[in-house]
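S.K.: Supplied in structure tokens, the structure appears directly below.
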Amino acid sequence: MGIKDLLKFVKPHVEPIHIKKYAGKRVGIDAYSWLHKGAYSCSMELTLNMEGDKKFQYLNYCMHRINLLRHYKITPVVVFDGMSIPCKATTDHDRTRRRNENRDLAMAKLKEGNARAAVDHFQRAVSITPAMAHQLIQILRSENIEFVVAPYEADAQLAYLSTLEAGKGGIVAVISEDSDLLAYGCPAVVFKMDRYGNGEEIVLNKVFESANRMPSFRNFDTELFTGMCVFAGCDFLPSVPGIGIVKAYTLVSKYRSLERALSILKFEKGNLMPEDYSKSFKEAVAVFQHALIYDARSKSLKQIKPLPEKLLQDLDTDLDFLGPEIPQSMAIAIAEGKLDPTTMEAFDHFPRSGVHLKPTIQNPTSDGLLQLEATILPTTDSCFTVISSQKSRKEIVEVTKQNPLMEESKYSNEATELEKLVRPLNAQPTEDNKMSATNIPLKVPDNNPFRKRKRNEVQLPDQAEIASEQVPVLTEIENSQMLYATPESQKSLDSKPINVVDAQGRAKTDKARRSNWQGPENKRGSILNFFSRV
DNA sequence: GCAAGGTCTAAAT
DNA sequence: TAGACCTTGC
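Residue 618 in the working numbering sits at position 486 of the first sequence, and the numbers go up by one each step.
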């Protein structure tokens, strides 16, 4: 949920940007926001743990975006959520309840034969499991992409990384959909990044300094901003009835002190306020400012900012609201993606998993983040292959179909039976997916926007589009391997002639148009625009 | 009239 | 999860 109505409220401070502005920089990614969006397209397959490769489509989504960043020479740092924080238990419980309700409704609709309505509920039922995150982590490892699993909230970890210099593992901005990042004081957040790299950016310092945009935050600092967010209602604490973002802003803006704002609120809304609101409020603000994060350099948990002694006395409580302390070995294993933070079981203990990590060959980079090597053990029941071009070698990451992608589902036995009800929605089973259902390895992710496609994979633009814009269409033909975009591969692609399809569908070679063609709506001849159509 | 709260819809492919 | 739109309450 994040902070209620915060993004709408700060809209005047939002700037449209393209992600390429961060070329050469390190940018943090809230992995769950991408996993969640990616899971939308395969929610039913995931919920029912169905046979076939479609349930891995969320990986395609994530890797497509990571490749997009790499294309623009941005170093992605992917951050995953870890354990559930105690004061978020109510929110988590509500979400689980809603998902379960939707899953039950989806199953009921499926049994009625109403697959379309079922899909609608499956989309609301989808939840991102640590096992799904682990699938992505394995690809990130094979691709040498930095990642870290936060001990608790990924947002807190991202906010912490934003405070560090690049040389120490720091990042300059975060890509997310969660307004909580702003409450954590994250200096630059890119929201709503689309598949071309367009997004909306909020830079907190600009918000505080802006003189001519309303609402003005000129008298605010990070603490007051966080306080406003908590007053407005957040995942850790619902707002007092009658208090929304506007009143929260007015309160903080007027009294310029959270303590005073709290007193006034108590005076005005005392009868509507829970007994312990003041304490809960201070704890919620403390979570945003002093959350537990993983420090990769010291390989230990620490607070984003140490809790001041005065606040400790004020709260007069233990610090479990920040999340219980855990042994260092466990914190490391979670951060490195080896331990499921919800069950505390090792990920590579999955039965018949083909992925085995060599813990002794960790290569901490200068920033201390993870760049692990995966040892690949070919197995006969693998269904998952990644070929990395970046390291000019072929790696096969094997994941067995028996991996518990999903939480143990009471529906898994029904899935096969129900698949035939679902079929009308999907294409009839092809030879390919028949094969994947019988343990033939399939390639995942087939998501590279820069991959050269075979002719029969190329989709031509519709006639109306051709007529109005004369869109150049890439029809390069090559026996393609799974290639991730690298600056080198991109350069080589750019230098080759391309085939352009004209309005009559005739193909003609046109090297010049790759760089010269300019269309409407910023559809310049960038390689991205080509691939948006391929 | 304004702000909060509730409901509906889109998202990805 | 957020935005749009509508309803409700002060």
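For glycine and all other residues, C-beta sits at the position ideal for the given N, C-alpha and C. For clarity, every value in this text was computed on a predicted model and none was experimentally measured.
Could you check where the beta strand (DSSP E) with Val322 kicks off and where it finishes?
M.R.: Looking at the DSSP string, the run of the beta strand (DSSP E) that includes Val322 is 320-323.
S.K.: Could you tell me if Arg189 is buried or exposed, where buried requires 16 or more neighbouring beta carbons within 10 angstroms of its beta carbon?
M.R.: Just to set this straight, residue 189 is Gln in the shown sequence, not Arg. When all chains shown are included, Gln189 counts as buried.
S.K.: From which residue to which residue does the alpha helix (DSSP H) around Tyr172 run?
M.R.: Segment 163-172, the alpha helix (DSSP H) holding Tyr172.
S.K.: Any chance the region 297-317 sits against the region 158-172, with 3 or more Cβ pairs inside 8 Å?
M.R.: The region 297-317 is in contact with the region 158-172.
S.K.: Determine whether the beta carbon atoms of Leu394 and Val372 lie at a separation below 8 Å.
M.R.: It is not a contact, given that the beta carbons lie outside the stated cut-off.
S.K.: By a C-beta neighbour count over all protein chains shown, 10 Å radius and 16 as the cutoff for buried, is Arg429 buried or exposed?
M.R.: With fewer than 16 Cβ atoms within 10 Å of its Cβ, Arg429 is classed as exposed.
S.K.: Which ranges does the beta strand (DSSP E) cover as unbroken runs of at least 3 residues, wholly within the region 415-451, from first to last along the chain?
M.R.: Counting only runs of 3 or more, we get 424-427, 432-435.
S.K.: CB Glu366 to CB Ala416, shorter than 8 Å?
M.R.: The amino acid at residue 366 is misidentified as Glu; the sequence shows Cys. Yes. Within cutoff.
S.K.: When DSSP labels each residue in this structure, what does Ala343 get in the three-state scheme?
M.R.: Note: Ala343 maps to coil in three-state DSSP.
S.K.: Quick check on the burial criterion: 16 or more other C-beta atoms within 10 angstroms. Buried or exposed for Arg197?
M.R.: Answer is buried; the Cβ neighbour count reaches 16.
S.K.: Is the beta carbon of Ile303 sitting closer than 8 Å to the one on Gly170?
M.R.: Their beta carbons are not under 8 Å apart, which means Ile303 does not touch Gly170 by this criterion.
S.K.: Should Asp287 and Tyr316 be called a contact, given that it needs their Cβ atoms to be closer than 8 Å?
M.R.: Yes, the Cβ-Cβ distance between Asp287 and Tyr316 is below 8 Å.
S.K.: Could you have a look at Asn330 and say whether DSSP puts it in helix, strand or coil?
M.R.: The answer is strand: DSSP assigns Asn330 an E or B state.
S.K.: Spatial neighbours of Gly469 within its chain, please: C-beta separation below 6 Å, excluding the five flanking residues on both sides.
M.R.: The residues are Ile269, Val281.
S.K.: Among the residues of its own chain, which have a CB less than 7 Å from the CB of Leu201, if the five just before and after it don't count?
M.R.: If we look at Leu201 and ignore the five residues flanking it on each side, its Cβ neighbours are Ile151, Val159, Pro208.
S.K.: Considering just the uninterrupted stretch of the beta strand (DSSP E) at Glu147, what are its terminal residues?
M.R.: Here the beta strand (DSSP E) through Glu147 covers 147-150.
S.K.: On a CA-only basis, which of Gly214, Lys205, Glu177, Arg227 is nearest Gly134? Give me that one, please.
M.R.: It is Arg227.
S.K.: Which value, in whole angstroms, describes the spacing of the CA atoms of Asn351 and His145?
M.R.: In a straight line, the C-alpha of Asn351 is about 15 Å away from that of His145.
S.K.: Expressed to the nearest angstrom, what Euclidean distance is found between the alpha-carbon atoms of Ala380 and Thr295?
M.R.: Straight-line Cα distance between these residues: approximately 27 Å.
S.K.: Can you tell me which of Lys205, Ser173, Leu180, Ile206 puts its alpha carbon nearest to the alpha carbon of Asn192?
M.R.: Out of Lys205, Ser173, Leu180, Ile206, Ser173 has the C-alpha closest to the C-alpha of Asn192.
S.K.: Who are the near neighbours of Ala320 in its chain, counting only those whose CB is closer than 8 Å to its CB and skipping five residues on each side?
M.R.: So the list reads Ser294, Val304, Ala305, Val306, Glu333, Ile334, Val335, Leu336, once near-sequence residues are dropped.
S.K.: Indicate whether Leu369 and Ser412 have their beta-carbon atoms separated by less than 8 Å.
M.R.: Going by C-beta atoms, Leu369 is nearer than 8 Å to Ser412.
S.K.: Do Pro262 and Asp452 have their C-beta atoms within less than 8 Å of each other?
M.R.: No.
S.K.: Quick check: what's the CA-CA separation for Asp252 versus Leu444?
M.R.: Each residue's alpha carbon lies about 47 Å from the other.
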